[in-house]
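Top line first, the protein sequences correspond to chains F and L. Here full-length UniProt numbering is used: the first residue of the first sequence is 1, the next is one more, and so on. Here full-length UniProt numbering is used: the first residue of the second sequence is 1, the next is one more, and so on. Backbone N, C-alpha and C fix where the C-beta goes; we use that ideal spot for every residue, glycine too.
There are 2 protein chains.
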Amino acid sequence: MTQKPKEDRKRVLGGLDLGGTKIQAVVLDEHGTVLSQARRATPQEGGPPAIVEALAAALEEVTKPLQLESSELTGVGVGAPGAVNAATGTLLQAGNLPGWSGPYPLAEALAKKISVPVYLGNDVQVAVAAEARLGAGRPYRSLLGVWWGTGVGGGIILDGQRWMGRGAAGEIGHTVVRRGGARCSCGRRGCLEAYAGRGAMERKARKALERGEKTRLFDWMTEQGKDRLTSGVWLKALKQGDPLAVKLIERALRMLGAGIASAVNLLDVEAVVIGGGLGTRLGQLYVERLRVAMKPHLFVPQRPPDLHLAGLGELSGAIGAALLAEPVAEILAPSTEP
Amino acid sequence: MTQKPKEDRKRVLGGLDLGGTKIQAVVLDEHGTVLSQARRATPQEGGPPAIVEALAAALEEVTKPLQLESSELTGVGVGAPGAVNAATGTLLQAGNLPGWSGPYPLAEALAKKISVPVYLGNDVQVAVAAEARLGAGRPYRSLLGVWWGTGVGGGIILDGQRWMGRGAAGEIGHTVVRRGGARCSCGRRGCLEAYAGRGAMERKARKALERGEKTRLFDWMTEQGKDRLTSGVWLKALKQGDPLAVKLIERALRMLGAGIASAVNLLDVEAVVIGGGLGTRLGQLYVERLRVAMKPHLFVPQRPPDLHLAGLGELSGAIGAALLAEPVAEILAPSTEP
Numbered sequence: 001m002t003q004k005p006k007e008d009r010k011r012v013l014g015g016l017d018l019g020g021t022k023i024q025a026v027v028l029d030e031h032g033t034v035l036s037q038a039r040r041a042t043p044q045e046g047g048p049p050a051i052v053e054a055l056a057a058a059l060e061e062v063t064k065p066l067q068l069e070s071s072e073l074t075g076v077g078v079g080a081p082g083a084v085n086a087a088t089g090t091l092l093q094a095g096n097l098p099g100w101s102g103p104y105p106l107a108e109a110l111a112k113k114i115s116v117p118v119y120l121g122n123d124v125q126v127a128v129a130a131e132a133r134l135g136a137g138r139p140y141r142s143l144l145g146v147w148w149g150t151g152v153g154g155g156i157i158l159d160g161q162r163w164m165g166r167g168a169a170g171e172i173g174h175t176v177v178r179r180g181g182a183r184c185s186c187g188r189r190g191c192l193e194a195y196a197g198r199g200a201m202e203r204k205a206r207k208a209l210e211r212g213e214k215t216r217l218f219d220w221m222t223e224q225g226k227d228r229l230t231s232g233v234w235l236k237a238l239k240q241g242d243p244l245a246v247k248l249i250e251r252a253l254r255m256l257g258a259g260i261a262s263a264v265n266l267l268d269v270e271a272v273v274i275g276g277g278l279g280t281r282l283g284q285l286y287v288e289r290l291r292v293a294m295k296p297h298l299f300v301p302q303r304p305p306d307l308h309l310a311g312l313g314e315l316s317g318a319i320g321a322a323l324l325a326e327p328v329a330e331i332l333a334p335s336t337e338p
Numbered sequence: 001m002t003q004k005p006k007e008d009r010k011r012v013l014g015g016l017d018l019g020g021t022k023i024q025a026v027v028l029d030e031h032g033t034v035l036s037q038a039r040r041a042t043p044q045e046g047g048p049p050a051i052v053e054a055l056a057a058a059l060e061e062v063t064k065p066l067q068l069e070s071s072e073l074t075g076v077g078v079g080a081p082g083a084v085n086a087a088t089g090t091l092l093q094a095g096n097l098p099g100w101s102g103p104y105p106l107a108e109a110l111a112k113k114i115s116v117p118v119y120l121g122n123d124v125q126v127a128v129a130a131e132a133r134l135g136a137g138r139p140y141r142s143l144l145g146v147w148w149g150t151g152v153g154g155g156i157i158l159d160g161q162r163w164m165g166r167g168a169a170g171e172i173g174h175t176v177v178r179r180g181g182a183r184c185s186c187g188r189r190g191c192l193e194a195y196a197g198r199g200a201m202e203r204k205a206r207k208a209l210e211r212g213e214k215t216r217l218f219d220w221m222t223e224q225g226k227d228r229l230t231s232g233v234w235l236k237a238l239k240q241g242d243p244l245a246v247k248l249i250e251r252a253l254r255m256l257g258a259g260i261a262s263a264v265n266l267l268d269v270e271a272v273v274i275g276g277g278l279g280t281r282l283g284q285l286y287v288e289r290l291r292v293a294m295k296p297h298l299f300v301p302q303r304p305p306d307l308h309l310a311g312l313g314e315l316s317g318a319i320g321a322a323l324l325a326e327p328v329a330e331i332l333a334p335s336t337e338p
C-alpha cells in the first residue's frame, strides 16, 4: 500500500496550556473541533526539563484515545504564563512556574522530544485569540479579552489579528486605576490587579480576618480541602452573602469597570470578552454587573462595546495554543476538495 | 497648447486644522513638504455655514502665494475637533466649535464650494498620523500620540496605520487614573484630563486663588492680554517658580505618567510622541520629566518606549489633515519616472 498523498492526511493540532498547577492538553481537528482533552499536574520540582517531560506526557495522553502518536500531530502550540519570544520559542520569564528562572528554549526542547514543530505563545494572548476565532468573539473584528483570575491578564484582537506590540501587549491588569493606591504583586501601586486579582483579594481577606472582620471564606476553603481561596470558594461565599466576600468583589468590579472602560476609551473595540478562572466561574451574572460598573467611565456611553462571557471555558488556553500551529496546518482554511 | 497629461500635473494637497479659535491651513507637495501656510480666526457666529465659508477662505489665502486656485488642489483634508464619521465626511459633534450642534456634512459642503474632493478626520488622530509619517514618529511602526492642551487627546498608530476603532479610538484623556477622583469636563470622575488638561488646571487655579493661595498666574494672563491661562502663561509661571503653577503641573505630570504608562502596558507600542499646545510649549524638559513620571508604572520598566516631543509643531494638525487626501494624490509614493 502506498503512502496517502499529503493533502489527504488528517491535519490535527496539539495544544498545551501550561499553568502553575496544571497542564491542559487538547487535540484540535481542521474545523477547530476538540477531538480529545487531557489534564495533568505541573511538576513542582525539576524545573524546565521536568516541565518539558510533563508536556510531552500530556500530549501522549491526549493523542492516545485517537489512536495517534504525538509525532503524527501536524503541529503543537504551547501557551505559557509569562513573557515569551514567539519567534525563537523562548519562555523569557515565568514567575508562576515552579523552578523557572531566566530564559529557556521551551519550543525547541519539546520539538526535539516529539519530532513535531512547536510554537510558543503567552497563555492569555492565545486564549483570547481562541475566543476571537472559535468562541464568544467570533462576530467581531476587534476585541479586548480580560482574563480575571489570580491575576488580571488581557489580550487584544485588532482587525482580526492578535496585537502583541513588542511582545507584551495586553497587560490590562497593570492599568493604574488609583494612582498611589493599593500595593500590587508586581511591586507597583494602584494597578487594577491590586484590587481585582484573586491573589490580591485573598491577601486583603486574610488581613481583614486578622483584624477580626467576620467572614466564613476561610472556613469554606478548609471544607473544600483547599489551601487558597479558589474561584469556587469565592462563588460559594457570594451565594451565601458573606459580607467580606461581597465587599471585596464589589470593589474588584468597580475597579474592573474603570480599567476596562479606560481601555475601551483608548481602543474603541467592538467587544470585550471576560474569561479567566474567576471570570468564567462567576459567570454571566457578574458579566452583567461589570457592564454596569463600566458604564460611568465610558467616553461614548451610548455606544458601549458588546460584553460577553468567554465561550470556550477552561479550554480556551489549550485551544488557542493549538491555533498557534495553524500556519503549518492551514486549519480552518476553506476545503480544496471539489 | 494642449493640456498636460495628468501624471505630469503637480499634485498638491490642502490641509485645514479646524480649532475652536483658529483655522490653520497648509499646502503640501508630493514629498510632504509644506509649500505655504496661513491662519485665520474661526468665526464665532453663524454656525456651520460660516465655518465652511472660513475654511474656503483659508484655502484661498494659503494657495494664493503659490499662484494656485483652491480648485487646482488635488484634494483637501479637514481635521476637526470631535467625533467624525470619516466615511460620510460628517462631523457628528463638536463641543468646542461655536454654534455647532448635531451632525453636519462638513466635507460635502466644503467640496461643493471648492470643487475638490474633501476628506474629514479627527484633529488629534490626523495630527498623530502626521507625526508618524513625517515627524518624530517616522522611525516607528507603532506609537501612541498624546496631545496635551486644553484637553488631553490621543491617537494610535499600529503597524504603520491609524487605529481608529469604531471611530473614537485614542481617548487617553478619559483613562481613569483615580477612580472617584476629580470631576472632569466630560461629566465623569477621575479622568486623566481632569488633572492634566489645561482647562481643568485653570479651573483648579481659579479656585485656589479664591481660597487665597498665592499665585501670579492671573497677573501674567492679564499682562499678556489674555482671558485664559494659555500655554505661554503656564510656561512663564513655571520659569518664575510660581508655587501654585508648579504644584498643578507636577500633579498633571504624575497623572500623565500613570495614564500614559497604563496605555503602554496595554499596547506595548515602540514610541510615545507628546504634542498639543501645552506639550509643545513646555518642550523637551517636560518630556524628560514625563519619562520619569511614567517609569514607576511601566510593567516592563527595563524596556520603556521611546519618548519624543512632536516634530511638526503647531502644523501637525493641518499636515495630518492634508494627508487624509493622500489616496487621491498618491503623495509620497515612489516616483514613476524613469
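Endpoints, the alpha helix (DSSP H) within which residue i is located
i                      : result
F/Trp220               : 217 to 223
residue 346 of chain F : Only positions 1 to 338 of chain F appear in the structure, and residue 346 of chain F is not among them; the question remains open.
L/Asn265               : 243 to 267
F/Leu55                : 47 to 63
F/Val84                : It is not in any alpha helix (DSSP H) - F/Val84 instead sits in the beta strand (DSSP E) that spans 83 to 85.
F/Val176               : No alpha helix (DSSP H) contains F/Val176, which DSSP labels as neither H nor E.
F/Val272               : Careful: F/Val272 lies outside any alpha helix (DSSP H), inside the beta strand (DSSP E) at 271 to 275.
F/Val233               : 231 to 239
F/Leu106               : 106 to 114
Span of the beta strand (DSSP E), counted from its first residue to its last, around residue i
i        : result
L/Val34  : 34 to 41
F/Asp123 : Run containing F/Asp123: none in the beta strand (DSSP E); it sits in the alpha helix (DSSP H), 123 to 134.
F/Val26  : 22 to 28
L/Val146 : 143 to 148
F/Arg166 : Neither: F/Arg166 is in no beta strand (DSSP E) and is coded neither H nor E.
L/Pro300 : Correcting the residue type first, residue 300 of chain L is Val in the shown sequence and not Pro. Element bounds for L/Val300: n/a, residue is neither H nor E.
F/Arg79  : In the sequence as presented, Arg is not what sits at residue 79 of chain F; that position holds Gly. Looking at the DSSP string, the run of the beta strand (DSSP E) that includes F/Gly79 is 75 to 80.
Anticipated Cβ contact below 8 angstroms, residue i with residue j, distance rounded
i        : j        : result
F/Leu66  : F/Ala80  : Actually they are not in contact, since the Cβ atoms of F/Leu66 and F/Ala80 sit about 24 angstroms apart, beyond 8 angstroms.
L/Leu120 : L/Val52  : So it is not a contact: roughly 12 angstroms between Cβ atoms.
L/Arg166 : F/Glu270 : 7 angstroms
F/Arg189 : L/Arg179 : No, F/Arg189 and L/Arg179 are not in contact; Cβ-Cβ is about 14 angstroms, not under 8 angstroms.
L/Gly135 : L/Ala310 : 6 angstroms
L/Val26  : L/Ile319 : 6 angstroms
F/Gly181 : F/Gly153 : So it is not a contact: roughly 20 angstroms between Cβ atoms.
Contact set between residue i and chain L, taken where Cβ atoms lie within less than 8 angstroms
i        : result
F/Trp163 : Leu158, Leu267
Chain L residues whose Cβ lies nearer than 7 angstroms to that of residue i
i        : result
F/Glu171 : Asn265, Leu266, Phe299
F/Arg178 : Arg178, Arg179
Cutoff 6 angstroms; reference residue i; Cβ partners in own chain excluding five residues on either side
i        : result
F/Met294 : Gly257, Ile260, Ala261
F/Glu7   : With a pLDDT of only 46 at F/Glu7, under 50, the local geometry of the prediction cannot be trusted, and the value read off the model is given with reservation. Hits under 6 angstroms: none found.
L/Glu326 : none
L/Trp100 : Ala94
F/Arg40  : Ile23, Ala58
Cross-chain neighbours of residue i in chain F, by beta carbon under 8 angstroms
i        : result
L/Cys186 : Phe299
L/Ser115 : Those do not exist, as L/Ser115 stays about 34 angstroms from chain F at its closest Cβ, beyond 8 angstroms.
L/Thr230 : Within 8 angstroms Cβ-Cβ: nothing; L/Thr230 doesn't reach chain F, min ~26 angstroms.
L/Pro98  : In chain order: nothing, as chain F lies at least about 23 angstroms away.
L/Pro103 : Here the premise fails: no neighbours, minimum Cβ distance about 14 angstroms.
Residues of its chain near residue i, where Cβ-Cβ distance is below 7 angstroms and the 5 sequence neighbours each way are ignored
i        : result
F/Met1   : Caution applies to F/Met1, whose pLDDT of 41 falls short of 50 and renders its modelled position unreliable; the value that the coordinates give is listed next. No residues qualify anywhere along the chain.
F/Ala205 : Thr215, Leu217, Leu229, Leu244, Leu248
F/Ala321 : Gly15, Leu16, Asp17, Gly77, Val78, Gly79, Gly121, Val126
L/Leu143 : Ala132, Gly137, Ile157, Val269, Glu270, Ala271, Val272, Val273
F/Gly317 : Asp17, Gln24, Gly79, Asp123, Val126, Ala127
L/Ala303 : It is worth fixing the name first, because residue 303 of chain L is Arg in this sequence and not Ala. The answer is none, since no qualifying residue turns up.
F/Lys113 : Val52, Ala56
Interface residues of chain L facing residue i [CB-CB closer than 9 angstroms]
i        : result
F/Asn168 : The question names Asn, yet the displayed sequence has Ala at residue 168 of chain F. Those within 9 angstroms of F/Ala168 in chain L are Asn265, Asp268, Phe299, Val300, Arg303.
F/Pro81  : Within 9 angstroms Cβ-Cβ: nothing; F/Pro81 doesn't reach chain L, min ~14 angstroms.
Listed by chain order, chain F residues near residue i by CB distance under 7 angstroms
i        : result
L/Thr175 : Ser262, Asn265, Leu266
L/Pro296 : Arg188
Beta-carbon contacts of residue i that lie in its chain and below 8 angstroms, excluding the five residues immediately before and after
i       : result
F/Thr42 : Leu18, Gly19, Gly20, Thr21, Lys22, Ile23, Ile51, Ala54, Leu97, Pro98
Next on the checklist: Short of 8 angstroms Cβ to Cβ, which residues in the segment 245 to 270 of chain F face chain L?
Outcome noted: Arg254, Met255, Ala258, Gly259, Ala261, Ser262, Ala263, Asn265, Leu266, Leu267, Asp268, Val269, Glu270
Checklist entry - Just by C-beta distance, which residues in the segment 124 to 149 of chain L are closer than 7 angstroms to chain F? => result Listed by position along the chain: Ser142.
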